[in-house]
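Chemist:
Protein chains: 4
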Amino acid sequence: MTASTTQRPLSVTVWNENVHETTEPEVRARYPQGIHGEIAAAVREHVPDADVRTATLADPEHGLTEEVLAATDVLTWWGHRAHGEVADEVVARVRRHVLAGMGLVVLHSGHLSKIFTTLLGTTCNLDWRSGEDRELVWTVDPTHPIAEGIPSPLIIPEQEMYGEFFDIPAPDELVFISSFSGGEVFRSGCTFRRGHGRIFYFSPGDQAYPVYHHPGVRHVIANGVRWARGHAEQRRPPELHRREAGWFEGTGR
Amino acid sequence: MTASTTQRPLSVTVWNENVHETTEPEVRARYPQGIHGEIAAAVREHVPDADVRTATLADPEHGLTEEVLAATDVLTWWGHRAHGEVADEVVARVRRHVLAGMGLVVLHSGHLSKIFTTLLGTTCNLDWRSGEDRELVWTVDPTHPIAEGIPSPLIIPEQEMYGEFFDIPAPDELVFISSFSGGEVFRSGCTFRRGHGRIFYFSPGDQAYPVYHHPGVRHVIANGVRWARGHAEQRRPPELHRREAGWFEGTGR
Amino acid sequence: MTASTTQRPLSVTVWNENVHETTEPEVRARYPQGIHGEIAAAVREHVPDADVRTATLADPEHGLTEEVLAATDVLTWWGHRAHGEVADEVVARVRRHVLAGMGLVVLHSGHLSKIFTTLLGTTCNLDWRSGEDRELVWTVDPTHPIAEGIPSPLIIPEQEMYGEFFDIPAPDELVFISSFSGGEVFRSGCTFRRGHGRIFYFSPGDQAYPVYHHPGVRHVIANGVRWARGHAEQRRPPELHRREAGWFEGTGR
Amino acid sequence: MTASTTQRPLSVTVWNENVHETTEPEVRARYPQGIHGEIAAAVREHVPDADVRTATLADPEHGLTEEVLAATDVLTWWGHRAHGEVADEVVARVRRHVLAGMGLVVLHSGHLSKIFTTLLGTTCNLDWRSGEDRELVWTVDPTHPIAEGIPSPLIIPEQEMYGEFFDIPAPDELVFISSFSGGEVFRSGCTFRRGHGRIFYFSPGDQAYPVYHHPGVRHVIANGVRWARGHAEQRRPPELHRREAGWFEGTGR
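Chains as they are written, first to last, in this note's numbering: chain L, 223 to 475; chain R, 223 to 475; chain E, 223 to 475; chain V, 223 to 475.
Okay, here's the thing in structure tokens:
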């Protein structure tokens with residue numbers, strides 16, 4: 223029976239480079255607990271049985287040791303200024319865990335993170351403007367669990383503009399499309415499967431705007447975390463298998 | 223919070239035309255409780271908190287009144303010989319409920335049912351052979367909840383062959399692909415979204431073979447039922463709305 | 223070799239209900255040749271070797287006899303006020319031809335036509351406003367032939383608003399997303415496969431605005447017509463085949 | 223008008239590691255011109271106006287200089303034993319050209335090449351057996367240009383088995399599914415878009431079997447080459463753009 227896996231508390235690691243908050247007072251004022259603190263709080267609000275921890279760039283191994291990842295069901299990722307400082311070795315480790323079944327929720331400027339571009343294979347470039355745009359987030363897949371309970375549109379009064387063309391593979395599911403006051407559009411909520419892992423990208427959110435205090439944005443992130451949980455029985459990436467003819471006889475009931 | 227909806231018992235209606243079982247002794251011997259009885263049992267085994275009822279063609283309004291559908295989270299459909307006897311009015315009612323958010327699990331020869339072809343828009347034709355084929359069901363989307371706990375391949379020792387070309391729209395998710403001893407292949411587990419509703423088609427299963435006693439097949443059907451549950455707050459199909467400019471102001475938090 | 227089929231002139235039938243133009247002088251002034259006349263001209267401009275004819279609701283059998291459809295590679299469809307007056311028999315005939323390999327390009331308010339909703343299976347409802355919106359059409363699949371040569375964004379100074387939620391199945395390919403001055407977004411260029419046929423839906427265009435004179439819109443429509451051409455050797459919908467074991471031996475080189 | 227680009231001869235570069243042929247006499251006997259020679263011949267047969275050249279691992283820069291790639295519309299890739307010997311710098315160059323609009327056709331054991339796994343983001347692992355399997359290749363998307371003129375099934379009398387789970391992202395289009403005598407299935411013909419580039423993966427073909435002499439296999443490869451051609455006006459990957467509000471005014475007709 224499958225019910226067992228869904229009853230264990232969901233183990234979430236919220237990762238943040240935590241550079242803006244520690245170097246820019248106005249960002250610190252906006253996010254006194256750091257962006258990771260807000261995201262962790264959002265998950266706790268909506269997934270009461272979640273076990274949420276945080277990790278940052280400055281931690282040894284960025285806080286993403288083999289032990290931490292092995293115990294993580296879903297990892298969330300926020301980065302912007304310091305993508306290049308994330309160690310390749312850690313990126314390879316995270317990638318292996320995603321392919322093996324760990325969920326990954328990539329937020330906002332994480333689109334240019336090494337882990338996201340490596341898993342997607344494209345540049346993940348886009349158009350942007352740090353102006354005075356209002357963002358509206360429209361649901362285009364109302365059957366998706368990530369859209370559950372989310373008003374359409376979400377109204378984000380002030381936000382950085384992210385616009386098309388967004389260089390990603392066609393998402394497996396397109397959940398949200400945003401418009402901006404300036405007229406641009408963006409595929410702002412997208413899912414991807416890679417190996418045994420599920421990935422959700424959600425663009426709203428920025429260090430320069432109070433977007434992570436927005437109730438609807440917090441709700442989406444929490445839904446995304448819940449959705450990204452995998453069910454792989456063993457945490458192992460897909461492997462190359464040499465098979466004899468009839469290897470499966472005796473299995474498969 | 224979304225947790226509430228997932229805690230209410232899942233309400234399932236298992237529909238079967240129930241013609242083979244009532245007119246062919248060998249089918250009755252194979253399925254003494256009817257195919258609907260086996261499918262209901264399969265759901266109860268794997269979704270202990272489900273509230274499962276059955277309905278058949280011979281019931282008034284085929285057992286699918288407005289009241290029944292309004293109280294149904296997921297409907298499963300088995301038909302073969304009597305597709306033409308299902309009243310158009312009932313088909314229209316089921317369609318409306320699916321578009322409004324009711325889940326639908328269509329099994330085996332239900333591919334030619336009015337409700338399936340109406341929701342998909344294509345002929346849903348295929349190749350078939352009632353011979354002595356073994357079917358192997360391979361998982362090609364291991365991240366999908368319907369594949370959770372299912373061995374790959376499932377081995378079904380005797381089964382009717384269903385082969386490509388299967389005239390369906392490209393599925394939103396392709397979960398299983400089957401092969402048959404004769405060499406044919408078939409997209410045997412497919413999901414589709416229509417309106418606010420989720421549809422799962424699963425081909426293994428036949429009146430002439432004991433397929434619905436197969437533990438793996440039963441598990442897949444139960445997973446499909448659980449997956450197909452919707453979350454629409456109101457049971458209403460998408461509507462045409464004339465909108466004033468700025469109609470959404472004041473909503474969207 | 224496949225080259226032969228692409229060298230025969232492309233045979234296009236442009237269908238229009240032609241009701242606004244014949245009953246409203248201001249629409250007639252905007253489209254003196256009828257909307258069908260403009261669409262036919264757009265196709266001829268961009269596909270010089272096309273053989274383009276037109277047909278309207280008032281023609282016997284709406285101009286869509288078996289002979290006409292059998293000789294049509296791609297049919298374009300514009301309707302709005304008179305969807306209900308299109309004979310079910312003609313709709314069934316068009317559907318059969320699409321499933322058998324005829325291309326179909328559905329324009330603007332054709333989203334509620336019988337032929338489109340029948341092939342898609344959903345309500346195809348949406349939000350709308352006949353106001354003073356500017357529409358911007360953004361390319362999100364730059365590899366698609368329908369996007370070839372099309373600037374991103376296309377700017378349509380005045381246009382009816384069509385907004386999400388647009389109740390369609392997830393498109394096989396999402397080529398364009400539009401925004402409107404009012405902030406709404408819309409999946410404005412979508413492809414679907416049904417049977418052996420290809421379908422392109424493109425939303426820009428209205429009787430009340432001069433959208434079909436817009437060079438970019440004309441170019442997209444012509445690209446869509448070219449893309450929708452099928453290659454089925456015989457014009458036949460997919461069929462149900464009973465197959466003997468080994469039926470394919472001797473074929474398949 | 224778009225016609226111009228399709229009239230220029232198609233420029234194709236056929237790449238092969240060319241290791242088996244130069245070190246194993248029985249492979250040399252099977253493919254006296256090398257696998258690249260056969261693939262080039264297949265393209266020439268079906269795309270008479272193509273300009274086809276070949277390149278191999280042993281060439282300086284593996285024959286894939288900036289000049290060669292800049293002049294290539296579509297690159298085909300065959301590798302097996304020497305994936306690790308392909309220089310990372312060349313892989314990065316090929317990747318940049320694909321994202322910028324060059325087509326890529328990856329064949330058989332190329333699934334583990336650096337270029338394929340880098341563009342897809344997954345392990346691309348699979349099950350395999352070098353036994354005595356017959357492969358049947360079934361068309362599941364009859365509207366796709368790559369399926370044009372291809373019988374379903376293609377029958378390949380002797381072939382290496384490639385089976386699921388194949389660790390790739392869900393393909394944008396699934397064109398072919400294969401079965402093998404041993405009962406395994408495989409998504410054998412898949413398309414992917416990355417940046418401005420189109421990718422086709424086709425699994426039939428091996429150094430140990432005469433698969434590249436099979437007329438149907440040759441036809442599929444040629445169709446894939448033709449399909450993969452891009453239309454980007456400039457060969458440039460998608461870029462990050464900072465945009466002023468209203469930047470698009472004056473464009474977009």
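Even glycine gets a Cβ: it sits at the ideal position worked out from N, Cα and C.
Bridge partners for R415 (chain E) per DSSP, in chain order?
Modeler: For the purposes of this step, residue 415 (chain E) is taken as residue 193 along the third sequence, with counting starting at 1. For R415 (chain E), which the question treats as bridged, DSSP gives the partners E:R420.
Chemist: Please identify the residue among E:R420, E:G385, E:F414 whose C-alpha is closest to the C-alpha of V407 (chain E).
Modeler: For the purposes of this step, residue 407 (chain E) is taken as the residue at position 185 of the third sequence. Answer by Cα proximity: E:G385.
Chemist: Under 8 Å, do G426 (chain L) and E380 (chain L) count as touching if we go by C-beta distance?
Modeler: As a first step, residue 426 (chain L) is located in the first sequence; it is residue number 204 there, counting from the start. As a first step, residue 380 (chain L) is located in the first sequence; it is residue number 158 there, counting from the start. Here residue 426 (chain L) is Pro; the residue named in the question, Gly, does not match the sequence. No, they are not a contact pair.
Chemist: Could you have a look at R464 (chain V) and say whether DSSP puts it in helix, strand or coil?
Modeler: Stepping through the fourth sequence from its first residue, residue 464 (chain V) is reached at position 242. Reduced to three states, the DSSP call for R464 (chain V) is strand.
Chemist: Buried or exposed for A225 (chain V), please, with buried defined as at least 16 other CB atoms from any protein chain shown within 10 angstroms of its CB.
Modeler: Here residue 225 (chain V) refers to the residue found at position 3 when the fourth sequence is read from its first residue. Annotation note: pLDDT 40 at A225 (chain V) (below 50); position unreliable, coordinate value reported separately. Around the beta carbon of A225 (chain V), a 10 Å sphere encloses fewer than 16 other beta carbons of the protein chains shown; the residue is thus reported as exposed.
Chemist: Measuring only the C-alpha atoms, how far is G353 (chain E) from I443 (chain E)?
Modeler: The residue you call residue 353 (chain E) lines up with position 131 of the third sequence. The residue you call residue 443 (chain E) lines up with position 221 of the third sequence. Distance between the alpha carbons of G353 (chain E) and I443 (chain E): 24 Å.
Chemist: Please report the straight-line C-alpha distance between T287 (chain R) and L396 (chain L), rounded to a whole angstrom.
Modeler: Taking the first residue of the second sequence as position 1, residue 287 (chain R) is located at position 65. Taking the first residue of the first sequence as position 1, residue 396 (chain L) is located at position 174. So the alpha carbons of these two residues sit roughly 34 Å apart.
Chemist: Grab me the residues of R457 (chain L)'s own chain with a C-beta within less than 8 Å of its C-beta, minus the 5 sequence neighbours each way, in chain order.
Modeler: Reading the first sequence from its first residue, position 235 is the one you call residue 457 (chain L). Around R457 (chain L): A292, H319, A322, G323, M324.
Chemist: For chain A, check one thing: does any of its Cβ atoms lie closer than 8 Å to the Cβ of W350 (chain V)?
Modeler: Here chain A cannot be found, since the structure's protein chains are L, R, E and V.
Chemist: Does any C-beta atom of chain R lie closer than 8 Å to the C-beta of P426 (chain L)?
Modeler: Locating residue 426 (chain L) in the first sequence gives position 204, where the first residue counts as 1. So, not an interface residue.
Chemist: Near F402 (chain L), which residues of its chain fall below 6 Å by C-beta distance, leaving aside the five closest residues on each side in sequence?
Modeler: Here residue 402 (chain L) is taken as the residue at index 180 of the first sequence, counted from 1. Excluding residues within five positions, the ones whose Cβ falls inside 6 Å are D355, E357, M383.
Chemist: Using a Cβ-Cβ cutoff of less than 7 Å, which residues in the same chain neighbour A304 (chain R) once the five nearest sequence positions on both sides are dropped?
Modeler: Translated into the one-based positions of the second sequence, residue 304 (chain R) becomes position 82. So the list reads E239, V241, L279, once near-sequence residues are dropped.
Chemist: Per DSSP, what kind of secondary structure is A225 (chain V) in: helix, strand or coil?
Modeler: Numbered from its first residue, the fourth sequence carries residue 225 (chain V) at position 3. Low confidence applies here, because A225 (chain V) scores a pLDDT of 40, under 50, leaving its location unreliable and the question unanswered by this model.
Chemist: Can you give the beta carbon distance from T413 (chain R) to P393 (chain R), rounded, assuming they're within the 8 Å contact cut?
Modeler: Counting from one through the second sequence, the residue named residue 413 (chain R) turns up at place 191. Counting from one through the second sequence, the residue named residue 393 (chain R) turns up at place 171. So it is a contact: roughly 6 Å between Cβ atoms.
Chemist: Beta carbon of G371 (chain E), beta carbon of G419 (chain E): below 8 Å?
Modeler: For this step, residue 371 (chain E) is matched to residue 149 along the third sequence. For this step, residue 419 (chain E) is matched to residue 197 along the third sequence. Their beta carbons are not under 8 Å apart, which means G371 (chain E) does not touch G419 (chain E) by this criterion.
Chemist: Where does L342 (chain L) sit, in a helix, a strand or coil, going by DSSP?
Modeler: Position 120 of the first sequence, counted from the first residue, corresponds to residue 342 (chain L). Reduced to three states, the DSSP call for L342 (chain L) is helix.
Chemist: Strictly under 8 Å for the Cβ-Cβ distance: is F387 (chain R) near chain L by that measure?
Modeler: Working through the second sequence from its first residue, we reach residue 387 (chain R) at position 165. By this cut-off, F387 (chain R) is not an interface position.
Chemist: Can you tell me whether H184 (chain R) is buried or exposed? The criterion is at least 16 other CB atoms within 10 Å of its CB, across all chains shown.
Modeler: In the structure as shown, chain R starts at 223 and stops at 475, and residue 184 (chain R) therefore has no counterpart that could be examined.
Chemist: List the endpoints of the continuous beta strand (DSSP E) containing V308 (chain L).
Modeler: In the first sequence, the residue the question calls residue 308 (chain L) occupies position 86. In the DSSP assignment, V308 (chain L) falls outside any beta strand (DSSP E) and carries neither an H nor an E.
Chemist: Quick check: the Cα distance between L342 (chain R) and V313 (chain E), rounded to an integer number of angstroms?
Modeler: In the second sequence, counting from the first residue as 1, residue 342 (chain R) sits at position 120. In the third sequence, counting from the first residue as 1, residue 313 (chain E) sits at position 91. L342 (chain R) and V313 (chain E): Cα-Cα distance of roughly 16 Å.
Chemist: Return yes when the Cβ of V447 (chain E) is within less than 8 Å of the Cβ of V328 (chain E), no when it is not.
Modeler: Against the third sequence, residue 328 (chain E) aligns to sequence position 106. Against the third sequence, residue 447 (chain E) aligns to sequence position 225. Using a Cβ distance threshold of 8 Å, V328 (chain E) and V447 (chain E) do not count as a contacting pair.
Chemist: One question on the structure: do P391 (chain E) and T344 (chain E) come within less than 8 Å of each other, judged by their Cβ atoms?
Modeler: To locate residue 391 (chain E), count along the third sequence from 1; it is residue 169. To locate residue 344 (chain E), count along the third sequence from 1; it is residue 122. Closer than 8 Å, so yes.
Chemist: Any beta carbon of chain E sitting closer than 8 Å to that of W360 (chain L)?
Modeler: As a first step, residue 360 (chain L) must be located in the first sequence, where it is residue number 138. Cβ-Cβ to chain E under 8 Å: yes for W360 (chain L).
Chemist: Does the beta-carbon of D271 (chain R) have 16 or more other beta-carbons within 10 angstroms, so that it is buried, or is it exposed?
Modeler: For the purposes of this step, residue 271 (chain R) is taken as the residue at position 49 of the second sequence. It is exposed - the Cβ of D271 (chain R) has fewer than 16 other Cβ atoms within 10 Å.
Chemist: Checking 8 Å against the spacing of the C-beta atoms, do L297 (chain R) and W360 (chain R) come in under that value?
Modeler: In the second sequence, residue 297 (chain R) corresponds to position 75, counting from 1. In the second sequence, residue 360 (chain R) corresponds to position 138, counting from 1. No, Cβ-Cβ distance for L297 (chain R) and W360 (chain R) is not below 8 Å.
Chemist: If we call anything under 8 Å between Cβ atoms a contact, is H284 (chain L) one with A262 (chain L)?
Modeler: Reading the first sequence from its first residue, position 62 is the one you call residue 284 (chain L). Reading the first sequence from its first residue, position 40 is the one you call residue 262 (chain L). No. Outside cutoff.
Chemist: What separation, rounded to the nearest whole angstrom, lies between the Cα atoms of T227 (chain V) and V269 (chain V)?
Modeler: Counting from 1 along the fourth sequence, the entry for residue 227 (chain V) is found at position 5. Counting from 1 along the fourth sequence, the entry for residue 269 (chain V) is found at position 47. Unreliable placement is indicated for T227 (chain V), whose pLDDT of 43 sits below 50; the coordinate value is still reported in the next sentence. Straight across, the Cα-Cα distance linking T227 (chain V) with V269 (chain V) is about 15 Å.
Chemist: Using CA atoms only, rank isn't needed, just tell me which of L:Y431, L:A369, L:E246, L:R465 is closest to E455 (chain R).
Modeler: Counting from 1 along the second sequence, the entry for residue 455 (chain R) is found at position 233. If we check each option's Cα against that of E455 (chain R), L:A369 comes out closest.
Chemist: Using C-beta distances below 7 Å, list every residue in its chain close to G438 (chain V), excluding the 5 sequence neighbours before and after it, in chain order.
Modeler: Looking up residue 438 (chain V) in the fourth sequence gives position 216. Taken in chain order, the residues that qualify are I372, P373, L376.
Chemist: With a threshold of 8 Å between beta-carbons, can T365 (chain V) be considered close to chain E, or not?
Modeler: For the purposes of this step, residue 365 (chain V) is taken as residue 143 along the fourth sequence, with counting starting at 1. It does; some Cβ of chain E falls within 8 Å.
Chemist: What residues in its chain sit with their C-beta under 7 Å from that of M223 (chain L), if we drop five residues either side in the sequence?
Modeler: As a first step, residue 223 (chain L) must be located in the first sequence, where it is residue number 1. The pLDDT assigned to M223 (chain L) is 34, lower than 50, so where the model puts this residue is not dependable; a value taken from the coordinates is nonetheless given after this. There are no such residues.
Chemist: Only counting the same chain, and skipping five residues up and downstream in sequence, which positions put a Cβ closer than 6 Å to that of I421 (chain V)?
Modeler: Taking the first residue of the fourth sequence as 1, we reach residue 421 (chain V) at position 199. Apart from the 5 residues on each side of it in sequence, I421 (chain V) sits with its Cβ closer than 6 Å to the Cβ of L326, F414 in its chain, given in chain order.
Chemist: Excluding the 5 residues flanking I337 (chain L) on each side, which residues of the same chain have their C-beta closer than 7 Å to its C-beta?
Modeler: To locate residue 337 (chain L), count along the first sequence from 1; it is residue 115. The residues W299, V313, V316, R317, in chain order, have a CB closer than 7 Å to that of I337 (chain L) in the same chain once the five nearest residues on each side in sequence are set aside.
Chemist: So who's on the other strand from N238 (chain L), going by DSSP bridges?
Modeler: The residue given as residue 238 (chain L) occupies position 16 in the first sequence. Answer is L:T278, L:W300, bridged to N238 (chain L).
Chemist: Could you tell me the alpha carbon to alpha carbon distance between W350 (chain R) and R465 (chain E), rounded to whole angstroms?
Modeler: Here residue 350 (chain R) refers to the residue found at position 128 of the second sequence. Here residue 465 (chain E) refers to the residue found at position 243 of the third sequence. Whole-angstrom Cα-Cα distance: 6 Å.
Chemist: Across which residues does DSSP place I377 (chain E) in a beta bridge pair?
Modeler: Mapped onto the third sequence, residue 377 (chain E) falls at position 155. Partner(s): E:L358.
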